[in-house]
Amino acid sequence: MSTTTLAVLVPLLPFLGACAGLAAGRRAPGFVRPLAVLPTLAAFALAVLVAVRQGGGVGPDALNAATQLTPTGNELLPIDLAFHLDGFAVLVAVLVGLVATCVQLYSTGYLRDDPRYPSYAALVSLFTAAMLLVVYSDDLIVLLVGWEVMGICSYFLVGHYWETAAARSASLKAFLVTKLGDVPFLIGILALASEAGTFRISTITARLTSQLSDFELSHPTVIALLLLAGVAGKSAQFPLHSWLPDAMAGPTPVSALIHAATMVAAGVYVVARLLPVFTASAAALVVLAVMAALTMVGSALAALAQDDVKRVLAYSTIGQLGYLAGALAVGNRSAATFHLLSHGAFKALLFLAAGVLIAAAGTGSLTAMARTTGLRGRAPDAFWTMTIGLLALAAIPPFSGFFSKEAVLAAAEHAALDPVAGIPVAAGWIVLVAGLVTALLTAAYATRLWLLAWAGRSPAAQAVAPTELDVPDTPVTAGGAGPEARAQTHPGPAATAPMNAVLWLLAVPSLAFGLLYGWLADWFAGPSLAPTMTTSVLGTGLALIGALVTYAAWRQATAVGRTPDPTPALLGPLHQPARAGFHLDAAYDRMFVAPVRGGARLVNFLDREVVDAYVRGAATLPGWLGTLARRAQTGNAQTYLSVLLAGAVVLAVAVLAAGA
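Residues in the sequence shown are numbered from 84 upward in steps of one, following the numbering used here.
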């Protein structure tokens with residue numbers, strides 16, 4: 084079987100599994116789990132085989148295959164079912180297949196008692212197929228199809244627990260905010276294709292990078308910014324990031340899938356594919372760098388102040404995606420993809436471990452977990468694997484996050500101190516400074532999460548009666564684990580063997596994947612991804628400072644008998660604003676939602692009181708005239724003669740008056 088055929092089967096198998104799962108959901112429930120797991124597992128295996136066969140490299144080393152789907156009326160702009168398999172695409176597809184398989188396996192235990200599991204599993208498979216289509220696609224319109232299918236899947240999956248108000252609100256918010264970015268994204272695609280004369284991504288990038296071609300975009304900044312709006316929505320970057328923390332209302336495996344390998348990764352992946360379009364505009368790169376910097380630092384501060392464990396991880400995802408955007412802002416696609424792969428592994432691990440943790444604690448509140456004992460004994464696998472994931476997130480060597488984050492910081496340092504043509508120095512400095520600050524904050528909130536979730540009772544709390552500590556006093560939110568929508572306040576069911584196996588499977592790349600930086604540089608045929616001395620020392624030193632300061636603040640908070648949360652001491656006056664996401668939702672409500680609602684009320688008033696008044700008046704006047712005419716026709720001859728005589732008298736008087 085050819086490599087092209089195998090590549091076609093990679094997204095096709097989960098799609099067929101989704102269709103079969105929906106069809107067999109109620110009629111043959113025994114087939115639901117095999118139809119959820121086996122097609123996704125097969126797609127993962129085929130993605131690995133495609134990667135092995137195709138190998139690395141970009142440009143001329145890539146495999147291209149296409150067949151025309153439909154003409155568009157313009158011979159130069161047909162829509163093709165086209166695949167482009169290069170070193171970047173095949174490895175990202177492997178990541179998507181791995182995480183999706185882990186999520187499906189984990190869900191068999193996690194949602195084993197959920198009556199809506201068949202539809203959930205089918206939607207996860209469809210979600211996976213859509214992302215794989217985005218990864219392999221070489222046609223902008225076909226890519227857009229996968230892009231939008233992911234959007235509707237996220238709407239249904241985030242709203243899985245639709246009986247809760249939080250899930251309904253979160254799903255609607257996720258859909259609307261991402262669609263807000265998708266409108267300019269579509270316009271940008273059409274503008275790009277119009278100027279380039281094709282929808283084929285490989286053709287566009289080849290024309291822009293070839294030294295033998297004199298092709299240039301007429302409006303690169305406008306096109307790049309239009310595309311960037313869609314990326315900001317899909318990848319939850321400032322200012323369209325606020326939907327992602329609320330999306331934690333969905334089941335925990337959905338959070339792992341969205342955050343690690345599908346929807347939010349799609350945006351930055353598209354920028355990586357179209358990077359020559361962005362490097363054609365220095366202004367667009369600076370905008371991307373500023374967006375990445377604000378996203379990194381702001382989300383890290385917000386993560387440090389959250390109480391719900393999944394919201395901490397959600398803001399963490401936003402910040403790590405900021406690193407990816409920052410790497411692309413300095414023109415280094417290899418570093419961005421390296422961190423995309425590394426982050427996908429340890430973030431999936433963190434979310435799935437969090438699911439076990441929350442089920443064991445019976446709450447998603449870190450404050451409540453800090454007042455509970457015995458969590459390590461209830462969920463030992465989650466404890467060890469989450470520790471690995473948090474060390475990778477904090478970029479502590481030799482865990483994978485250190486090497487991939489270091490690659491981003493090194494790329495920013497190179498752009499700032501030794502820039503290449505087309506990469507603004509300002510972008511390098513912005514990303515470098517923001518990345519270092521975020522490294523400190525990331526280690527701080529990772530340490531805080533570990534201490535509050537797993538350290539058990541604080542030293543000062545040992546003197547408090549056990550009855551005040553053993554039962555969490557904060558009910559689980561809609562973003563908790565497993566049967567989180569039921570708001571349980573007692574420990575949930577123990578993790579099943581498949582769930583624990585998935586955790587240890589994801590722990591392996593979280594621990595060791597970063598050591599492949601040399602091989603990855605050759606695979607991508609790009610610059611070196613090896614750590615550099617300056618940024619390694621700065622990044623690791625700041626991470627250790629963040630961890631140690633957080634630990635000291637935690638010890639101080641527990642010593643005085645307060646709630647053992649170091650955040651108030653660390654953030655000071657920023658604590659409450661950061662906890663509320665810096666009130667961006669309230670600001671957006673005042674700046675955009677309230678004016679739109681006011682405008683809608685004005686339009687409704689004008690339609691009802693002005694437009695309808697004219698319509699009613701146009702009908703009322705003839706009615707009045709008709710009434711007068713009807714009343715004049717009495718049928719009484721004497722009345723008619725009296726009126727006639729009166730009229731004659733009036734006319735005579737008028738004539739005499741005129742003559743006088």
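Ideal placement from N, C-alpha and C gives every residue a C-beta, glycine not left out.
Problem set entry | Outcome for Leu358 when other beta-carbon atoms lying within 10 angstroms are tallied against a minimum of 16 | The residue labelled residue 358 in the question sits at position 275 within the sequence shown. Buried, since its Cβ has 16 or more Cβ neighbours within 10 Å.
For this session: Could you tell me which residues DSSP puts in a beta bridge with Ala151?
Result: Taking the sequence shown and counting its residues from 1, the one referred to as residue 151 is at position 68. The question names Ala, but residue 151 is Gln in the sequence shown. Looking at the DSSP assignment, Gln151 forms a beta bridge with Asp163.
Exercise. To the nearest angstrom, how far is it from the Cα of Ala165 to the Cα of Thr150?
Worked result: For the purposes of this step, residue 165 is taken as the residue at position 82 of the sequence shown. For the purposes of this step, residue 150 is taken as the residue at position 67 of the sequence shown. In a straight line, the C-alpha of Ala165 is about 6 angstroms away from that of Thr150.
For this session: Please name the residue in Ser382, Phe607, Leu603, Thr646 whose C-alpha comes closest to that of Ala517.
Result: Residue mapping note: residue 517 aligns to position 434 of the sequence shown, counting from 1. For the residues Ser382, Phe607, Leu603, Thr646, the minimum Cα distance to Ala517 belongs to Ser382.
Problem set entry | alpha helix (DSSP H) segments (min. 4 residues) lying fully within the region 565–648 | 580–595, 600–607, 616–642
Exercise. Does DSSP classify Glu278 as helix, strand or coil?
Worked result: Position 195 of the sequence shown, counted from the start, is the residue given in the question as residue 278. Correct three-state label for Glu278: helix.
For this session: Return the first residue and the last residue of the alpha helix (DSSP H) that Asn687 is part of.
Result: Within the sequence shown, the letter at position 604 stands for residue 687. Where Asn687 is concerned, the enclosing alpha helix (DSSP H) stretches over 677–688.
For this session: Kindly give me the distance between the Cβ atoms of Ala397 and Pro328, rounded to whole angstroms, as I take these residues to be in contact under 8 angstroms.
Result: Sequence index remark: in the sequence shown, residue 397 carries index 314 (1-based). Sequence index remark: in the sequence shown, residue 328 carries index 245 (1-based). Indeed they touch by this definition, with Cβ atoms about 4 angstroms apart.
Problem set entry | Simplified DSSP assignment, three categories, for Leu273 | The residue labelled residue 273 in the question sits at position 190 within the sequence shown. Here Leu273 sits in helix by DSSP.
Exercise. Hey, how far is the Cα of Leu88 from the Cα of Leu132?
Worked result: Numbered from 1 along the sequence shown, position 5 holds the residue referred to as residue 88. Numbered from 1 along the sequence shown, position 49 holds the residue referred to as residue 132. One detail in the question is off: residue 88 reads as Thr in this sequence, not Leu. Cα to Cα, Thr88 sits roughly 12 angstroms from Leu132.
Problem set entry | Per-residue burial, Leu728 [other beta carbons within 10 Å of its own, 16 or more giving buried] | By 1-based counting over the sequence shown, the position of residue 728 is 645. Per the 10 Å Cβ criterion, exposed.
Exercise. Can you name, in chain order, every residue of its own chain whose Cβ lies under 6 angstroms from the Cβ of Leu534, other than the five neighbours on each side?
Worked result: Within the sequence shown, the letter at position 451 stands for residue 534. Once the five neighbours on either side are set aside, the close Cβ partners of Leu534 are Trp637.
Exercise. Is Val503 buried or exposed, if buried means 16 or more other CB atoms sit within 10 Å of its CB?
Worked result: The residue you call residue 503 lines up with position 420 of the sequence shown. Answer is exposed; the Cβ neighbour count stays below 16.
Problem set entry | Contact with chain B by Gly511, beta-carbon distance below 7 angstroms | Absent here is chain B; the protein component of the structure consists of one chain.
Problem set entry | Which listed residue (His243, Ala509, Arg673) has its alpha carbon closest to that of Ala815 | Any property of residue 815 remains undetermined from this structure, which presents the chain solely from 84 to 743.
Exercise. Would you call the region 310–330 and the region 655–669 touching, i.e. three or more CB-CB distances under 8 angstroms?
Worked result: yes
Exercise. Applying the criterion that 16 or more other CB atoms from any shown protein chain within 10 Å of the CB defines a buried residue, is Gln187 buried or exposed?
Worked result: What you label residue 187 is simply residue 104 of the sequence shown in a count that begins at 1. Buried, by the Cβ-count rule.
Exercise. According to the Cβ coordinates, are Ala490 and Leu368 closer than 7 angstroms?
Worked result: Locating residue 490 in the sequence shown gives position 407, counting from the first residue. Locating residue 368 in the sequence shown gives position 285, counting from the first residue. Not a contact, by the Cβ cut-off of 7 angstroms.
Problem set entry | Sequence-distant residues of its chain with Cβ nearer than 8 angstroms to Thr450 (five each side left out) | Along the sequence shown, read from residue 1 onward, the residue named residue 450 stands at position 367. Within the same chain, Thr450 has close Cβ partners Asp390, Leu535, Thr557, Thr646, Asp648.
Problem set entry | Three-way DSSP call (helix, strand, coil) for Arg283 in this model | For the purposes of this step, residue 283 is taken as the residue at position 200 of the sequence shown. Correct three-state label for Arg283: strand.
For this session: Return the chain-ordered list of same chain residues with a C-beta closer than 8 angstroms to the C-beta of Ala568, the five sequence neighbours on each side being excluded.
Result: Numbered from its first residue, the sequence shown carries residue 568 at position 485. At Ala568, the pLDDT of 43 sits below 50, so the modelled position is not reliable; the number obtained from the coordinates is stated separately. Cβ within range, chain order: Tyr244, Glu246, Thr247, Ala250, Ala561.
For this session: In the DSSP assignment, find the unbroken alpha helix (DSSP H) run with Arg662 in it and report its ends.
Result: As a working mapping, residue 662 is identified with position 579 in the sequence shown. Here the alpha helix (DSSP H) through Arg662 covers 658–662.
Problem set entry | Backbone secondary structure at Asp222 - three-state DSSP | The sequence position of residue 222 within the sequence shown is 139, counting from 1. Strand, per DSSP.
Exercise. If we ignore side chains and look at the alpha-carbon of each, how far apart do Ala408 and Ile513 end up?
Worked result: Here residue 408 refers to the residue found at position 325 when the sequence shown is read from its first residue. Here residue 513 refers to the residue found at position 430 when the sequence shown is read from its first residue. Cα to Cα, the separation comes out at about 12 angstroms.
Problem set entry | Residues sharing a beta bridge with Leu44, DSSP | With the chain running from 84 to 743 in the structure shown, residue 44 is simply not present.
Exercise. Taking Cβ to Cβ, would you say Leu309 is nearer than 7 angstroms to Pro336?
Worked result: As a working mapping, residue 309 is identified with position 226 in the sequence shown. As a working mapping, residue 336 is identified with position 253 in the sequence shown. The answer is no: Cβ separation not under 7 angstroms.
Exercise. Taking the alpha carbon of Gly313 as the point to measure from, which residue in Gly350, Ala289, Arg283 has its own alpha carbon closest?
Worked result: Locating residue 313 in the sequence shown gives position 230, where the first residue counts as 1. Checked all of Gly350, Ala289, Arg283; the closest Cα to Gly313 is Gly350.
For this session: Count the CB pairs spanning the region 229–242 and the region 179–194 that are closer than 8 angstroms, and state whether there are at least three.
Result: no
Exercise. Relative to the C-alpha of Arg454, which residue among Gly472, Ala465, Trp537 is closest?
Worked result: Locating residue 454 in the sequence shown gives position 371, counting from the first residue. Ranking the options by Cα distance to Arg454, first place goes to Trp537.
Exercise. Val91 to Thr623, Cα distance in whole Å?
Worked result: Counting from one through the sequence shown, the residue named residue 91 turns up at place 8. Counting from one through the sequence shown, the residue named residue 623 turns up at place 540. Cα-Cα distance, rounded: 42 angstroms.
For this session: State buried or exposed for Glu496, treating a residue as buried only when at least 16 other CB atoms are found within 10 Å of its CB.
Result: On the sequence shown, position 413 is the one that residue 496 refers to. So Glu496 ends up on the buried side.
Problem set entry | Outcome for Ala595 when other beta-carbon atoms lying within 10 angstroms are tallied against a minimum of 16 | Along the sequence shown, one-based indexing puts residue 595 at 512. Flag for Ala595 reads exposed.
Exercise. In terms of alpha-carbon separation, which member of Pro198, Gly405, Thr703 lies closest to Ala522?
Worked result: Taking the sequence shown and counting its residues from 1, the one referred to as residue 522 is at position 439. The shortest C-alpha separation from Ala522 is found at Gly405.
For this session: Would you mind sorting Trp707 into buried or exposed? The rule is 16 or more other CB atoms within 10 Å of its CB.
Result: Translated into the one-based positions of the sequence shown, residue 707 becomes position 624. Under this definition Trp707 is an exposed residue.
Problem set entry | Same chain, Cβ closer than 6 angstroms to Gly414, five either side skipped, listed in chain order | By 1-based counting over the sequence shown, the position of residue 414 is 331. Excluding sequence neighbours, Gly414 sits near Thr362, Ile506.
Exercise. On the premise that Ala437 lies in contact with Ala526, defined as a C-beta separation below 8 angstroms, what is that separation, rounded to the nearest angstrom?
Worked result: For the purposes of this step, residue 526 is taken as the residue at position 443 of the sequence shown. For the purposes of this step, residue 437 is taken as the residue at position 354 of the sequence shown. The pair is not a contact, with the Cβ atoms about 18 angstroms apart (cut-off 8 angstroms).
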